[in-house]
Amino acid sequence: MNQGAETHGATSGTGTAGGHGHAAPPSAAVPVPPETPPSPLADTLLARLTECYPAAADPERARSSAAYLKHVAPFLGIPMPERRALSRTVVAGTPRPDEPDCVAVALRCWALPEREYHYFAVDYLRRHAGRCSSAFVPVLRHLVSTVPWWDTVDALAAHVAGPLVAADPEQARTMDAWIEDGDLWVVRTALLHQLRFKEATDARRLFAYCLRRAGHPDFFVRKAIGWSLREYAKTDPEAVRDFVDAHRDRLAPLSVREATKHL
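When the sequence shown is numbered by the numbering used here, its final residue is 280 and no position is left out of the sequence of numbers.
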């Protein structure tokens, strides 16, 4: 799934908290998933989805896709263009969802093992994030911290967490809590949630987050720090240059390289 994620070097063996090149589980016990509400719309979508996706499966591609993403989940082996074409067929003629529908679709897709179902949920939430309120945040955290890897987390951060915070600035406090979390993917989400904010970026919060996690040992967190700074540099290059110059001794070399790549 190409969501524009910053993952260069992620297969080097330093890409997880455990440093073993595969997704390490959070240190804390996985919380009980949020309750899935009844949703006739989700019933329709899941019935269509589980009929048409398996019919397009390619076992050889499935093996290579799983290997590329460090076997975080099994795959059906559907190329992205074909998968999105199938998804358009799945949603054709269905009404716009309300928030319980979004919750049900996301959680029911996440409960299926193959990664393509998770991708469907991410795409669906990207399209309908505006239908969700702050009550969706616990569901979002479940998605970010369950079967986590950059291919789903980055899109959820920029296209779901970001819009939720933009719609309800009080949710910035949630991001303040997430930046302190013990789960590296929750931390990465907090770092990346302003990725598309441009002039609306809370630079003070962004810089504080980067400093708070500057010493994090994980590749994905260090990369996210640099990526978030580099993206904001498109809006205010001088602010990013000044921040990096002032804190170069605290930031990881990877974060500095990424932040200053186009400065």
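We put the CB at the ideal spot given by N, CA and C, even for glycine.
Candidates the options: closest to residue i by CA position
i      : options                           : result
Ala172 : Cys126, Asp60, Ala74 and Tyr136   : Tyr136
His159 : Arg148, Gly147 and Ala138         : Ala138
Ser56  : Trp202, Ala123 and Pro76          : Ala123
Gly179 : Thr169, Pro155, Thr206 and Val164 : Thr206
Asp185 : Ala152, Leu268 and Thr163         : Ala152
Thr53  : Phe214, Arg143 and Leu157         : Leu157
Ser296 : Asp75, Lys215, Thr67 and Arg230   : Because the chain in this structure spans residues 18 to 280, residue 296 falls outside the shown range and cannot be described.
Asp75  : Ile95, Ser272, Pro165 and Asp262  : Ile95
Residue i - containing alpha helix (DSSP H), residue span
i      : result
Phe260 : Pro254 to His264
Arg148 : From DSSP, Arg148 is part of no alpha helix (DSSP H); its letter is neither H nor E.
Ala102 : Met97 to Val108
Ala241 : Phe236 to Ala250
Arg80  : Pro76 to Tyr85
Asp168 : Trp167 to Leu173
Val164 : Counting along the chain, Val164 falls outside any alpha helix (DSSP H), and DSSP gives it neither H nor E.
Asp60  : Pro57 to Ala72
Ala220 : Ala220 to Arg229
Ala276 : Pro270 to Ala276
Three-state class that DSSP yields for residue i in the structure shown
i      : result
Glu187 : helix
Glu197 : coil
Leu129 : coil
Phe92  : coil
Asp118 : helix
His49  : Just to set this straight, residue 49 is Val in the shown sequence, not His. Three-state result, Val49: coil.
Gly38  : Because the pLDDT of Gly38 is 36, which lies under 50, any placement of that residue in the model is unreliable, and the number read from its coordinates should be weighed accordingly. It is coil, neither helix nor strand.
Leu280 : coil
Pro155 : helix
Gly232 : coil
Arg205 : helix
Phe137 : helix
Exercise for review: Count the C-beta pairs between the stretch 138-148 and the stretch 110-124 that are closer than 8 Å, then say yes if the count reaches three, no if not.
Suggested key: yes
Review point. Are three or more beta carbon pairs between the stretch 273-280 and the stretch 232-252 nearer than 8 Å?
Key: With a cut-off of 8 Å, the stretch 232-252 and the stretch 273-280 count as touching, because enough Cβ pairs lie within range.
Point to revise | Contact the stretch 109-116 vs the stretch 56-76: 3+ CB pairs below 8 Å | key: yes
Check your understanding: Is there contact here, the stretch 78-96 with the stretch 191-200, by at least three beta-carbon pairs under 8 Å?
Key -> no
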